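Going down the list, the protein sequences come from chains G and C.
All you need for our numbering is the position in the first sequence, starting with 1, plus 79.
All you need for our numbering is the position in the second sequence, starting with 1, plus 4.
Where is the CB? At the ideal position from N, CA and C, for every residue including glycine.
Bear in mind that the values here come from a model prediction, so they are computed numbers and not experimental data.
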Amino acid sequence: MTNSDPSDAEAGRARRAIVATHGDLAAALVAAVAQITGRADVLVPFTNRNLGGEEIERGLRDAVDANGAQVLFTDMLGGSCALGARRLLRERPDLVLVTGANLSTLLDFVFNDDLSAREAAAHAAEKGRASITVSAAPAEVRGAD
Amino acid sequence: MPIELYRVDDRLIHGQVVVGWGRPLDLAFLVVVDDDVASSEWEQELYRMGVPPEMDVHFHTVADAARLHGTYQHDPRPGLLLTGDVGTMRRLVDASGDVRTVNIGGIHHRAGRVQRLRYVFLTPVEEVELRALAARGVTVTAQDVPSAREVPLDDILSADGDA
């Protein structure tokens, strides 16, 4: 490991991250991660439903503090969760924000507790980005174009 | 083409604005009217983060927005003007004198506010300001996203939060 930050495993602590999204997406993503991995102890869902900007920032701060979270995942660059998280980063420089998170992002994150939180977040973001592909059936299946 | 929507939304630029309204209205620019944001490069950069590259965004004080209002109204491209609270929208309407409709898109819970709709909470002062807008001929309705029902001001003010 090249980063001077200790991994959570080295520090002997459970890593936590907040997943903040529109609607029920966070709860669904966290449930999907638990279904696939059996790890229900890493990710904490947060929804912005019916919350104003100040309430979102306060809710994220409370969730981070209550869970000792080091990483925030949000669904949408420029969404209100990302804005609230960016504001929180001003006062919590150790926090890391990943926007545009998807299921592949979160799956990668929960399995990388041998990395520091910052490294694991960066690795997870790259994994999520790489997981988006576009496929089409071969021409012979689609018929002549 | 006039500004397509004058919206009060305490989140200012966020998903509902950029995507929810931005796509169906084919918005080319946003005008954010907020004295605090207009004086903070950091805040402006924060909001720019959520705006797609093909969409322009302008940040103004109320005074500057009123002065430039005609320019934006005559922009051939569709635009949306945002304020974060009712009082700022009322000041803009008073200063520009040429706003026909105001959309209440999201005013959320805060001490002293009473819930009127799922996404609209108002203080008594804000209710007076909305009535003042209506009294000067502005049509005030609530609608968080284009597919939602447009709620007239009288219905907003008589609602008990269940709508």
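{"Asked": "Please report the distance separating the alpha-carbon of C:Pro226 from that of G:Asp192.", "Found": "Any property of residue 226 of chain C remains undetermined from this structure, which presents chain C solely from 5 to 167."}
{"Asked": "Would you report the Cα separation of G:Thr212 and G:Met155, rounded to the nearest angstrom?", "Found": "18 Å"}
{"Asked": "Under a three-way DSSP split, which group does C:Ile108 fall into?", "Found": "strand"}
{"Asked": "At the level of alpha carbons, what is the spacing between C:Phe63 and G:Leu167?", "Found": "22 Å"}
{"Asked": "How many Å lie between C:Gly165 and C:Gln119 at the Cα?", "Found": "5 Å"}
{"Asked": "Quick one: which chain G residues come within Cβ less than 7 Å of C:Arg15?", "Found": "Gly131, Gly132, Ser159"}
{"Asked": "Kindly list, in the order they appear in chain C, the residues whose Cβ is closer than 7 Å to that of G:Leu156.", "Found": "Met53, Gly54"}
{"Asked": "Could I get the ranges of all uninterrupted beta strand (DSSP E) runs contained in the segment 114-160 of chain C, with 3 residues as the minimum, in chain order?", "Found": "118-121, 124-126, 143-146"}
{"Asked": "What is the DSSP secondary structure of G:Pro172, reduced to helix, strand or coil?", "Found": "coil"}
{"Asked": "Under 8 Å between beta-carbons, which chain C residues line up against G:Arg165? List them in chain order, please.", "Found": "Leu50, Met53"}
{"Asked": "Reducing DSSP to helix, strand and coil, say where C:Pro57 ends up.", "Found": "coil"}
{"Asked": "Helix, strand or coil for G:Ile97? Go by DSSP, reduced to three states.", "Found": "strand"}
{"Asked": "Between the beta-carbon of C:Glu8 and the beta-carbon of C:Pro82, is there less than 7 Å?", "Found": "yes"}
{"Asked": "As a quick exercise: from C:Thr75, C:Ala69, C:Asp30, C:Val66, pick the residue whose alpha carbon is nearest that of C:Pro56.", "Found": "C:Asp30"}
{"Asked": "Using a cut-off of 8 Å between C-beta atoms, extract the partners of C:Gly19 located in chain G.", "Found": "His101, Met155, Gly157, Gly158, Ser159"}
{"Asked": "Under the rule that 16 or more other beta-carbon atoms within 10 Å means buried, what is G:Glu170, buried or exposed?", "Found": "exposed"}
{"Asked": "What in chain G is Cβ-close to C:Arg122, meaning under 8 Å?", "Found": "Asn129"}
{"Asked": "Tell me, which residues are paired with C:Asp13 by DSSP?", "Found": "C:Gly110"}
{"Asked": "Mapping DSSP to helix, strand and coil, what is C:Leu34?", "Found": "strand"}
{"Asked": "Run through chain G and tell me which residues come within less than 7 Å of C:His113, C-beta to C-beta.", "Found": "Gly131, Glu134"}
{"Asked": "Give me the Cβ distance between G:Thr153 and G:Ala164, rounded to the nearest whole Å; I'm assuming they're in contact under 8 Å.", "Found": "6 Å"}
{"Asked": "Does the Cβ of G:Ala119 lie closer than 6 Å to at least one heavy atom of the ligand COA?", "Found": "Absence of the ligand COA is noted for the structure shown, with no ligands found whatsoever."}
{"Asked": "Mind checking whether C:His1 and C:Asp14 have CB atoms under 7 Å apart?", "Found": "What the structure shows of chain C is the stretch from 5 to 167, and residue 1 of chain C is not part of that stretch, so it cannot be assessed."}
{"Asked": "Report the CB separation of G:Ala148 from G:Arg95 in whole angstroms; it is logged as a contact under 8 Å.", "Found": "4 Å"}
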